[in-house]
Amino acid sequence: MQKEFKIIIPTLFGLEACVARELKWLGYPDTAVEDGRVSFWGDAEAVCRANLWIRTGERVLIQVGEFHATSFEELFEQTKALPWSDWILQDSAFPVKGHSLKSTLASVRDCQAIIKKAVVESLKQTYHTDWFAESGACYQIQFSILKDRVTLMLDTSGEGLHKRGYRRSSNAAPLRETIAAAMVMLSYWKFEYPFADPFCGSGTIPIEAAMFKQNMAPGLCRHFAAQSFAQIPQSLWASAREEAEEKKRNLPLEIYASDIDPESVRLTAENAKLAGVSEVIRVQEADALGFFSQASYGTIICNPPYGERLSDLKECERLYQGLGKTFSRLDNWSYYILTSHQRFETLFGKKANKKRKLYNGMIPCNLYQYFGERPPKPE
């Protein structure tokens, strides 16, 4: 195994800069940012730390090789030439999955079969056997083919990084944890002032806000595929987790999570407890249109209904109009609202200071950012 290798973190479109910022905080400032992914050079320790700490990326991948291919013969020969035995042991499982976009090799199923066959042939040369039981640790091979550029990687995360472990139950359309974390990171919320989500659903935004400000590593309570990799010592995982425990903070946060649906309120309370942040999140059943606070400054981050179904559209438009009136009473507050509705600003009655395009699943949305007065510096 190489001492250092290229590590790739795929992202949802629009979150690349957030991942690059997180890597800088972790001590890896030299990143390459492309559409849908951020890469950097790191070692086995970096794999452990990235898995534990990255909030806004999808997974942590180790690049085995990259090349140009427009035929199955090129794909086979160049895949076979890569140093697969540096990672995959004789008894390892090595399934293959991936995607192809805007490329000559358009059939994902055929690419999958060719890559699998090429890896087998490569390993045959090292282990001098014609049979691989694949009964050991799993080294999931991921391929990406974009404009005939083939990237072959090993998945070190297993389940996606958005699977923090605290959301065992959710409502019908939960917001992905990575997007919620990005919304918090993109805000100017100061922990000395209140934070609120009046459409809390299953609690994802307030929980991610609490974890972010308390500096809780999002992957601390879950397992990763690379914990079974022979090349990454268990001592590195132990020291990375010890570092994460030591870096936790205990700030006196004031976070409010509310929803008009009593089941959402129950889910939020349950998930906040599982995440270990229930002491700083006050959960209650309430109508968002009645939201009010005596606090002079604060931040709202929310993901209201979009009205994707035609039958719900008019109701959502009335909701946005009502929100505009409700939030206008919060003179110095900042609010960040995620929606796919193209006429949101008109309905809300106020033009956003800034818009940022994000994808909630496959739905293109805008994060409408309204900046309140800058609060005074705390003494």
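The opening position of the sequence shown corresponds to residue 83 in our numbering, with each subsequent residue numbered one higher.
Backbone N, C-alpha and C define an ideal beta-carbon position, used for all residues, glycine too.
First through last residue of the beta strand (DSSP E) which encompasses T421:
S416 to T421
Quick one: measure Cβ to Cβ for S310 and A219, integer angstroms, because I've assumed they're closer than 8 Å.
Their Cβ separation, rounded to whole angstroms, is 4 Å, which keeps S310 and A219 in contact under 8 Å.
Identified DSSP bridge partners for T381
F277 and S416
If I measure Cβ to Cβ from W169 and keep anything under 8 Å in the same chain, skipping five residues before and after, which residues do I get?
M83, I144, V146, Y221, L236, F311 and Q313
Under DSSP, the alpha helix (DSSP H) around S346 begins and ends at which residues?
P344 to A357
Would you kindly report the start and end of the unbroken beta strand (DSSP E) that includes K206?
Element bounds for K206: not the beta strand (DSSP E) but the alpha helix (DSSP H), V190 to Y209.
Apart from the five residues just before and just after S321, which ones in its own chain have a Cβ nearer than 7 Å to its Cβ?
none
Since Y441 sits in a beta bridge, which residues does DSSP pair it with?
P446
Cβ of Q296 within 8 Å of Cβ of N332?
yes
Tell me whether D279 is buried or exposed, calling it buried when 16 or more other Cβ atoms sit within 10 Å of its Cβ.
buried
Can you give me the Cβ contacts of L205 inside the same chain, cut-off strictly under 7 Å, excluding the 5 residues immediately before and after it?
W166, S167, I170 and F214
For L225, the first and last residue of its enclosing beta strand (DSSP E):
The sequence as given places Phe at residue 225; Leu does not occur at that position. Residues I223 to L228.
Given a cut-off of 8 Å, decide if Y275 and Y379 are closer than it, judged by their beta-carbon atoms.
yes
Let me confirm a value: T211 is counted as buried when at least 16 other C-beta atoms fall within 10 Å, else exposed. Which label applies?
exposed
Counting C-beta neighbours from all protein chains within 10 Å, is the total for M265 16 or more, i.e. buried, or is it exposed?
When all chains shown are included, M265 counts as buried.
Determine the extent of the beta strand (DSSP E) in which S121 is found, giving its start and end residues.
R119 to G124
Inter-residue Cα distance where the pair is R445 and S422
Before going further, note that residue 445 is Ile rather than Arg in the sequence given. Whole-angstrom Cα-Cα distance: 7 Å.
Keeping to the same chain, check which residues put their C-beta closer than 6 Å to that of T113; ignore five residues upstream and five downstream.
A102, L105, V120 and F122
Selection from T161, N448 and P315 that minimises the alpha carbon distance to S126
Checking the sequence shown, residue 126 turns out to be Ala, not Ser. Comparing Cα-Cα distances from A126 to each of T161, N448 and P315, the minimum goes to P315.
Could you check whether L335 and F426 sit closer than 8 Å to each other, using their CB atoms as the reference points?
no
Should R141 be labelled buried (16 or more other beta-carbon atoms within 10 Å of its own) or exposed?
Around the Cβ of R141, a 10 Å sphere holds 16 or more other Cβ atoms; the residue is buried.
My guess is that T350 and G285 are in contact by the Cβ rule of under 8 Å, so how many angstroms apart are they, rounded?
Between T350 and G285 the beta-carbon gap is near 3 Å, inside 8 Å, which marks them as a contact.
Pair within 8 Å by beta-carbon distance, A262 and V359:
no
Any contact between the stretch 238-249 and the stretch 190-204? By contact I mean 3 or more CB pairs, one from each, below 8 Å.
no
Out of P92, F87, L108 and E259, point me to the one whose CA is closest to K75's CA.
This structure cannot settle anything about residue 75, because the visible part of the chain is limited to 83 through 461.
Is M293 helix, strand or coil by DSSP?
helix
Is the stretch 402-421 touching the stretch 222-229, taking contact as three or more C-beta pairs under 8 Å?
no
Check the C-beta distance from I346 over to Q366 and give it rounded, since I have them as a contact under 8 Å.
Looking at the sequence shown, residue 346 is not Ile but Ser. In fact, because the Cβ distance is near 11 Å, the residues do not count as touching under 8 Å.
Hey, would you say N442 sits closer than 8 Å to R304, going by beta carbons?
no
Would you list the residues sitting across from G180 in a DSSP beta bridge?
Looking at the DSSP output, G180 bridges to F225.
I need the straight-line Cα distance from I90 to T233, nearest angstrom please.
The alpha-carbon atoms of I90 and T233 are separated by roughly 10 Å.
Where does E341 sit, in a helix, a strand or coil, going by DSSP?
Inspection of the sequence shows that residue 341 is occupied by Asp rather than by Glu. When secondary structure is reduced to three states using DSSP, D341 falls in the strand class.
Proximity to P300 [Cα-Cα], best of G124, R131 and T152
R131
Taking the straight line between their C-alpha atoms, what separation do you get for I289 and E324?
22 Å
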